[in-house]
Each structure stands twice: as C-alpha cells, then as structure tokens.
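Read through the structure below, which is laid out as structure tokens, and then see the notes.
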Amino acid sequence: MEKSEIKNLLILSILAGKIMLRNGAETYRVEDTITRICKSRNIDFVETFVTPTGIFLSVEHNDELFSYIKRINSISIDLHKIEKVNDFSRKFVSTNMSISEGIKTLTLIDKLDPYKNTLRYLFGGLAGSFFTLMFDGNLFDFIASFITSTSLVILLDFIKKLPLTFFLSNVIGGIFVTLFSVILYSFNIGNNINNVIIGSLMLLVPGVAITNAIRDSISGDFVSGISRAVEATIIALAIALGVGVTLRMVINTFGDIDSIRSAINALF
8 MEKSEIKNLL ILSILAGKIM LRNGAETYRV EDTITRICKS RNIDFVETFV
58 TPTGIFLSVE HNDELFSYIK RINSISIDLH KIEKVNDFSR KFVSTNMSIS
108 EGIKTLTLID KLDPYKNTLR YLFGGLAGSF FTLMFDGNLF DFIASFITST
158 SLVILLDFIK KLPLTFFLSN VIGGIFVTLF SVILYSFNIG NNINNVIIGS
208 LMLLVPGVAI TNAIRDSISG DFVSGISRAV EATIIALAIA LGVGVTLRMV
258 INTFGDIDSI RSAINALF
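With this note's numbering, letter number 78 in the sequence shown gets 85, and the count goes up by one each step, no holes.
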C-alpha cells in the first residue's frame, strides 16, 4: 500500500471509532473495530488506545510508522449508529470495498438523522411514566409523569444546542422535573409527587455510562472504566443537586407542598 492509502485507511478507522465512541459504544468494541479494519488491508502491526475522550492509533507498514490522534468532545447515545458501523466493519473486512467508498459510507452513517421528534417525545414520556408505575404510582401519577417526562425530553433537546457542560445540563434537568412536578401536583395532577419526580428523573439516570464502566473494567480497560464511573457519579450528583435544592427552596418558601395544593384548590 502507498502512503496515501495508509493515511486514508487511518482516517477511515478513526472515523468508524469516532462514530461508535460518540454514540455510547464500549471502549473494547471501538478498539476491536479499528484493529480489524486496519488488519483487513494487510497491516500487521496495529496498536490502538481508546479512552472516552480520545482515540490513539498507530500502524507500521514497510518499516514506516503512521500515527493518528482524534479528540472526542461530546458523547451521546445512539445505538442505531453503532449497529450501522458494526455492519459496515464486517462488510469492509470481508469484501474488497475501497477505502474511499468506506469513508463515504461512514460519513453517511455519521449524518444519519435521529428518530423523529414526535416519536422521541412520545416514547420519552412513556418511559418516564411507566417507571412511575414501577415505583407504585397510580394512573394519575402516570399521567403527571408522562407530561413531565415529555417536557423534559423537549427541554434536553434545547439544552443540547447551548454551550453547557453535562453537569449543568443534568442540574437544570433535575430542577425542571422537580418544579414541573410540583406545579402539576398543585393542580391535582398526580397523587404522589415522589413517584412522579423519581419516574421522570429516570430519563436522566446514566444507565449506559454505568454499564459501560462495568464492562470496560471487566475487559481490563481500567482508565476508561474509571472515567465512565466518574462520569456516572457526577451525573448522579448533578441530578441530586438539582432536585434537592429545588425541593428545599419550595419548602422554605411555601412551608409544605400540600399547602400549595390546598391554596390552589381554595382559589378554584
């Protein structure tokens, strides 16, 4: 292979790894995909090191060393894109697909639109409301949690467009869920405010980060495992901070949440 081909192969491999890592893939899966793609084009020496915030790739061909580093700035969850890259890597390894064609295919995968907003809002609301039922909520709590969860998904879409850290985003999410639940409860929408808040907050819980932290640690990727565990802990603290501070301010201001409900009932 010529130098230009090797460089393009590195770009292809890094692009595949970037898409997977940015959308919630485990570290070992990203490393394995990059290694397989490089070795499929007769490159014997391949070393890759992946962390949640960066990809380091080095290959050797004809006694020449080529390296590539890619910084990963943001991580979201899109398992559909991970599946698409997995399918692509299998096809690329088992066929004679050209590198340029592979780059075009990965670029299209990276630009795939997420599910339609209406679908996401609907199932986001259903997810939070069914969690409320799991926590022993009733039909009225289900309705309140559905409204709160749907509104939370809409808010998170707006927050993603702002230059905010994931810590502040989750603090704002916790504050919003608490205030919105208190407002609905005050207007007799929902019987148990605790169930409504907890069910709606499940949309913010870092389940994928916790799972990946465990899987990376089991696989021996302790740097990534610890990083993801710290990320999950910070998110949990941010949610707790948002909910706790908001509840304390409401109680300090009005004395009791039930008193707000009684006052509104008296007015209407």
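We put the beta carbon where it would ideally sit given N, CA and C, even for glycine. It should be emphasised that the depicted structure is a prediction, and the values quoted were computed from it without experimental measurement.
Any alpha helix (DSSP H) of 4 or more consecutive residues that is wholly inside the stretch 213-243 | 214-225
Beta bridge counterpart(s) of Ile68 as assigned by DSSP | Per the sequence presented here, residue 68 reads as His, with Ile not at that position. Secondary-structure assignment with DSSP links His68 through a beta bridge to Glu71.
Counting only the same chain and skipping the five closest in sequence on each side, list residues whose C-beta sits under 6 Å from that of Ser47.
-> Val100
How close, in whole Å, do the beta carbons of Gly206 and Phe142 come, if the pair is a contact with beta carbons under 8 Å?
-> Contact between Gly206 and Phe142 holds, with the beta-carbon distance rounding to 6 Å and staying under 8 Å.
Please report the residue range of the beta strand (DSSP E) in which Glu54 lies.
-> 52-58
Just checking, does the stretch 167-183 make contact with the stretch 192-203 on the three C-beta pairs under 8 Å criterion?
-> no
Local conformation of Arg78 per DSSP, three classes = strand
Which term fits Val237, buried or exposed, when burial requires 16 or more other beta carbons within 10 angstroms of its beta carbon?
-> exposed
When DSSP labels each residue in this structure, what does Phe142 get in the three-state scheme?
-> Reduced to three states, the DSSP call for Phe142 is coil.
In this structure, what does DSSP give as the bridge partners for Gly61?
-> Thr58, Arg78
So, helix, strand or coil for Asp120, using DSSP?
-> coil
Quick one, which of Thr34, Lys14, Met27 has its alpha-carbon nearest Val230's?
-> Thr34
In the stretch 156-217, which residue ranges form an unbroken alpha helix (DSSP H) of at least 4 residues, counting only runs that do not cross its ends?
-> 173-193, 200-208
Going by the beta-carbon positions, is the gap between Val92 and Leu17 smaller than 8 Å?
-> no
Mapping DSSP to helix, strand and coil, what is Glu262?
-> Per the sequence shown, the amino acid found at residue 262 is Gly instead of Glu. DSSP places Gly262 in coil when its eight states are reduced to three.
Between the Cα of Ile21 and those of Val212, Glu54, Asn259, Lys98, spot the shortest distance and give me the residue it belongs to.
-> Glu54
Among residues of its own chain, excluding the 5 on either side of Asn49, which ones have a beta-carbon nearer than 6 Å to its beta-carbon?
-> Apart from sequence neighbours up to five positions away, no residue of its chain approaches Asn49 with a beta-carbon distance below 6 Å.
May I ask you to report which of helix, strand or coil DSSP gives Asn30?
-> Coil.
From Leu140 to Asp164, what distance separates their C-alpha atoms?
-> 25 Å
Specify whether the stretch 57-75 and the stretch 116-125 touch according to this definition: at least 3 beta carbon pairs, one from each stretch, less than 8 Å apart.
-> no
Whole-number beta carbon distance between Ile89 and Met27, since they are thought to touch under 8 Å = 5 Å
By a C-beta neighbour count over all protein chains shown, 10 Å radius and 16 as the cutoff for buried, is Gly249 buried or exposed?
-> buried
By DSSP, does Arg43 sit in helix, in strand, or in coil?
-> Arg43 sits in a helix when the DSSP states are folded into three classes.
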